[in-house]
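> Here it is, the structure in full.
Residue numbers (the numbering used here), protein chains in the order written: chain X, 658 to 1012; chain Z, 658 to 1012.
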């Protein structure tokens, strides 16, 4: 069914070639301004330029995939929202009224909404990308969340969607998610990989109270204890405590790296997907950017494990791709920094070396 | 000569009216997303909306004033750049090749370059705003930097330029600076106001070495000791250790508050101007936003004194208005957050209250 075999994809993802590294820094150091004075914009420009393998990187098209999926574990009562909100929000995305639509529109970024595992079905909505793997995961407190075939199908979906867009000229990607209760599987993925205790990294998601937080921690603890996912086996982790949108995001990240495009990882759920992608193919690290520091406490632990700093910190905790949109814009800005600032020579400005 | 008497301007700057405060929060709380999930974007939207006094704020025009001035104290050898670079960079701004041009262009922001006190004269350059108060300040190690009449003229220049633009429909302003050696007077302003010791807050500016840093600290220390500026008298501080661009920026901030427009304060030099403006008219605090955390160490002290947090931290240390441009874009984004995200009711999404 899928045109991408996962093992082939993984084998084709290579680290970024460092051959232009010195030339990229030399170009920025020659610009008429104090050396390294644009700080992290220079870091972003450097990384984007080496991904594209050029001294004149250009963002030609920008897409956020917002993967929507439901979670069997939602029946444990661990969110302030009812499960039907996943379905309702997908309709809101398609109408363009949600937060990610508003922010992405402001930045000229396309939002592609993917039903990768919503419980309900959709009528109409020709813009919706219909790639449902199942009608929601199963409740991981009782049984594994998904089968291995489903996990691989969801990952391959992400790879394929990126490859289709890349073929159309899109070369900057962002991740996004929608799925009531999905901070629960994301926290479980974090704990499964790092060994962190659920009570130290579990947060309030959309805003649960103290009693619900205790229940959520207990659900994660029991799920991990029951299934014992192997910390170095990302497919095993997805099967036992994952989510379809987390798997889709992991696939999107693999797809971006396969197509040699930078990809901005949104927030907590997306970063769980990034951890899965990194376990599958460590070379994806060269292609990923962490959008922002989420208010969800486990997010900082995830970024520490990955070893990348967020681009902004605006105290957000929403998902959908909202943080990715903001950070993608700063990556695009960074390409203009590299391309368009005049050098000391071009601007006829005396450099410190002239003193 | 000036159409704005400073005392009149100050008396007309009032605090923002809180009458819409609850309505602004109610509007955002009704949006189909978890409560307060957009974090600081909501704070920005709230502040911009109350400045404009509307639930539907709209940014209609965006201008950064980049004030350029020279400093007599530059002759003490406290920068990695020679003084003529101020003049050369003004030409670069006018040609559109400098960092602030590139970043502002990306965001659709006009850059208005003001000669408020550059040592050399300019030929041609019809776009240059010619408001030179003097051919640079005097060396504050030997004599006061400027006269009281010059300080007031420079401040009034800022007020007037903003008021002209506001009359043309611009309603979001940013500050910017260019002036070789101007971290030295800015640090002196910080120390004069807060009583901080120069050795604890003086930084490396454009990148000076250890020996030059020692010299710079000594120049600031001696200047303050010689002139004894009064910590509560902003005009006295400007006269003794200030700069024309710092005074112009202070005036721009007063002008924005006078015209009830939000203004984004760029970096270290601009924040020295903001401190002067706040001493002149404490109500300006309601109108100012701190763009970013500069790498210059004294900048964090300045923001602590002001009591506002920066919008981003990208490890920049450039000035010109580069940080302001990035933060202005995030303020504009915040207006779309307030205006365009659909409510639970509009989107037909179940809110937590429906559970």
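Each residue gets a CB set at the ideal place from its N, CA and C atoms; glycine is no exception.
Since the structure is predicted, the reported quantities are computational estimates derived from the model, not experimental observations.
Based on the DSSP secondary-structure assignment, which residues constitute the bridge partners of residue 806 of chain Z?
The residue given as residue 806 of chain Z occupies position 149 in the second chain. Answer is none; residue 806 of chain Z lacks a bridge partner.
> Could I get the ranges of all uninterrupted beta strand (DSSP E) runs contained in the segment 700 to 788 of chain Z, with 3 residues as the minimum, in chain order?
Counting only runs of 3 or more, we get 719 to 726 and 767 to 774.
> Please name the residues in the segment 799 to 821 of chain Z whose beta-carbon is closer than 8 Å to at least one beta-carbon of chain X, in chain order.
Those residues of the segment 799 to 821 of chain Z that come within reach of chain X (Cβ to Cβ, closer than 8 Å) do not exist; the list is empty.
> What separation, rounded to the nearest whole angstrom, lies between the Cα atoms of residue 748 of chain X and residue 955 of chain X?
Counted from its first residue, the first chain places residue 748 of chain X at position 91. Counted from its first residue, the first chain places residue 955 of chain X at position 298. Straight-line Cα distance between these residues: approximately 29 Å.
> Does the beta-carbon distance from residue 940 of chain X to residue 760 of chain X come in below 8 Å?
Numbered from 1 along the first chain, position 283 holds the residue referred to as residue 940 of chain X. Numbered from 1 along the first chain, position 103 holds the residue referred to as residue 760 of chain X. Against a cut-off of 8 Å, the Cβ pair of residue 760 of chain X and residue 940 of chain X comes out as no contact.
> Taking the runs of the beta strand (DSSP E) that are 3 residues or longer, which of them lie wholly in the segment 932 to 961 of chain Z?
With a minimum length of 3 residues, the continuous beta strand (DSSP E) runs that stay inside the segment 932 to 961 of chain Z are 945 to 949.
> Determine the direct distance from the alpha carbon of residue 755 of chain Z to that of residue 998 of chain X, and round the result to whole angstroms.
In the first chain, the residue the question calls residue 998 of chain X occupies position 341. In the second chain, the residue the question calls residue 755 of chain Z occupies position 98. Roughly 6 Å separates the two Cα atoms.
> Any chance the segment 837 to 857 of chain X sits against the segment 882 to 901 of chain X, with 3 or more Cβ pairs inside 8 Å?
With a cut-off of 8 Å, the segment 882 to 901 of chain X and the segment 837 to 857 of chain X count as touching, because enough Cβ pairs lie within range.
> What three-state label does DSSP hand residue 965 of chain X in the structure shown?
Here residue 965 of chain X is taken as the residue at index 308 of the first chain, counted from 1. Three-state result, residue 965 of chain X: coil.
> Indicate whether the contact test is met: 3 or more Cβ pairs, each with one atom in the segment 830 to 839 of chain Z and one in the segment 920 to 927 of chain Z, closer than 8 Å.
At 8 Å Cβ cutoff, the stretches touch.
> If you measure from the beta carbon of residue 794 of chain Z to each beta carbon in chain X, is any gap under 8 Å?
Working through the second chain from its first residue, we reach residue 794 of chain Z at position 137. No, no contact with chain X.
> For residue 934 of chain Z, which residues of its own chain have a beta-carbon under 6 Å away from its beta-carbon, when the five flanking residues on both sides are left out?
Mapped onto the second chain, residue 934 of chain Z falls at position 277. Once the five neighbours on either side are set aside, the close Cβ partners of residue 934 of chain Z are 907, 910, 911 and 941.
> Hey, quick one: how far does the beta strand (DSSP E) through residue 829 of chain X stretch, first residue to last?
Sequence index remark: in the first chain, residue 829 of chain X carries index 172 (1-based). Where residue 829 of chain X is concerned, the enclosing beta strand (DSSP E) stretches over 829 to 835.
> Give a yes or no on whether the C-beta atoms belonging to residue 840 of chain X and residue 860 of chain X are separated by under 8 Å.
Against the first chain, residue 840 of chain X aligns to sequence position 183. Against the first chain, residue 860 of chain X aligns to sequence position 203. It is a contact, given that the beta carbons lie within the stated cut-off.
> Could you check whether the Cβ of residue 965 of chain X sits closer than 8 Å to any Cβ belonging to chain Z?
Locating residue 965 of chain X in the first chain gives position 308, counting from the first residue. No, because no Cβ of chain Z sits closer than 8 Å to the Cβ of residue 965 of chain X.
> So, is residue 769 of chain Z buried or exposed, given that buried needs 16 or more other C-beta atoms within 10 angstroms?
Within the second chain, numbered from 1, the residue matching residue 769 of chain Z stands at position 112. It counts as buried.
> Less than 8 Å between the CB atoms is what I'm expecting for residue 812 of chain X and residue 988 of chain X, so what's the real figure, rounded?
For the purposes of this step, residue 812 of chain X is identified with residue 155 of the first chain, where counting begins at 1. For the purposes of this step, residue 988 of chain X is identified with residue 331 of the first chain, where counting begins at 1. Their Cβ separation, rounded to whole angstroms, is 24 Å, which puts residue 812 of chain X and residue 988 of chain X out of contact at 8 Å.
> Cβ of residue 708 of chain Z within 8 Å of Cβ of residue 866 of chain Z?
If you number the second chain from 1, residue 708 of chain Z lands on position 51. If you number the second chain from 1, residue 866 of chain Z lands on position 209. Taking 8 Å as the Cβ cut-off, residue 708 of chain Z and residue 866 of chain Z do not qualify as a contacting pair.
> I'd like to know whether the C-beta atoms of residue 1000 of chain X and residue 706 of chain X end up nearer to each other than 8 Å.
Position 343 of the first chain, counting from 1, holds the residue named residue 1000 of chain X. Position 49 of the first chain, counting from 1, holds the residue named residue 706 of chain X. Not closer than 8 Å, so no.
> Comparing C-alpha positions only, which one of Z:767, Z:763 and Z:820 sits nearest to residue 784 of chain Z?
If you number the second chain from 1, residue 784 of chain Z lands on position 127. That would be Z:767, whose Cα lies nearest to the Cα of residue 784 of chain Z.
> Would you kindly report the start and end of the unbroken alpha helix (DSSP H) that includes residue 1006 of chain Z?
The residue given as residue 1006 of chain Z occupies position 349 in the second chain. Where residue 1006 of chain Z is concerned, there is no enclosing alpha helix (DSSP H), given that its DSSP letter is neither H nor E.
> Which residues in the same chain as residue 681 of chain Z place their Cβ atom closer than 8 Å to its Cβ, once the five residues preceding and following it in sequence are excluded?
Locating residue 681 of chain Z in the second chain gives position 24, where the first residue counts as 1. So the list reads 702, 703, 706, 707, 712 and 995, once near-sequence residues are dropped.
> Tell me the DSSP bridge mates of residue 921 of chain X?
One-based indexing of the first chain puts residue 921 of chain X at position 264. BP columns for residue 921 of chain X point to X:831 and X:946.
> Could you give the uninterrupted runs of the beta strand (DSSP E) lying entirely in the segment 826 to 909 of chain X, keeping only those of 3 residues or more?
DSSP runs (the beta strand (DSSP E)) wholly in the segment 826 to 909 of chain X: 829 to 835.
> For residue 1005 of chain X, which residues in chain Z fall below 7 Å Cβ to Cβ?
Residue numbering aside, residue 1005 of chain X sits at position 348 when the first chain is read from its first letter. What residue 1005 of chain X touches in chain Z: 745.
> Helix, strand or coil: which one does DSSP assign to residue 927 of chain Z?
As a first step, residue 927 of chain Z is located in the second chain; it is residue number 270 there, counting from the start. Residue 927 of chain Z: helix per DSSP, three-state reduction.
> Does the beta carbon of residue 756 of chain X come closer than 8 Å to any beta carbon on chain Z?
As a position in the first chain, residue 756 of chain X is number 99, starting the count at 1. So, interface residue.
> Return the residues of the segment 731 to 742 of chain Z that lie within a Cβ-Cβ distance of less than 7 Å from chain X, sorted by chain order.
Taking 7 Å as the Cβ-Cβ cut-off against chain X, the residues of the segment 731 to 742 of chain Z that qualify are 737, 738, 739, 741 and 742.
> Given this structure, state the Cα-to-Cα distance separating residue 1004 of chain Z from residue 745 of chain X, to the nearest angstrom.
Position 347 of the second chain, counting from 1, holds the residue named residue 1004 of chain Z. Position 88 of the first chain, counting from 1, holds the residue named residue 745 of chain X. So the alpha carbons of these two residues sit roughly 8 Å apart.
> So, helix, strand or coil for residue 820 of chain Z, using DSSP?
Taking the first residue of the second chain as position 1, residue 820 of chain Z is located at position 163. In this structure, residue 820 of chain Z counts as helix in the three-state DSSP scheme.
> How would you list, in chain order, the residues of chain Z whose beta-carbon sits under 9 Å from the beta-carbon of residue 689 of chain X?
Numbered from 1 along the first chain, position 32 holds the residue referred to as residue 689 of chain X. The contacting residues are 742, 745, 746, 749, 754, 755 and 756.
> Buried or exposed, going by whether 16 or more other CB atoms sit within 10 Å of the CB of residue 694 of chain X?
Along the first chain, one-based indexing puts residue 694 of chain X at 37. Its Cβ being crowded by 16 or more others within 10 Å, residue 694 of chain X is buried.
> Residue 857 of chain X: buried (16+ other C-beta within 10 angstroms of its C-beta) or exposed?
Sequence index remark: in the first chain, residue 857 of chain X carries index 200 (1-based). Classification of residue 857 of chain X: exposed, given that the 10 Å Cβ count is below 16.
> Does residue 692 of chain X come out as helix, strand or coil in the three-state DSSP assignment?
Here the question's residue 692 of chain X lines up with position 35 in the first chain. Residue state, collapsed to three classes: coil.
> Between residue 974 of chain Z and chain X, is any beta-carbon pair separated by less than 8 Å?
Here residue 974 of chain Z is taken as the residue at index 317 of the second chain, counted from 1. Yes, contact with chain X.
> Could you tell me how far apart the beta carbons of residue 725 of chain X and residue 772 of chain X are, in whole angstroms, since I believe they sit closer than 8 Å?
Taking the first chain and counting its residues from 1, the one referred to as residue 725 of chain X is at position 68. Taking the first chain and counting its residues from 1, the one referred to as residue 772 of chain X is at position 115. The Cβ separation is near 6 Å, so the contact holds.
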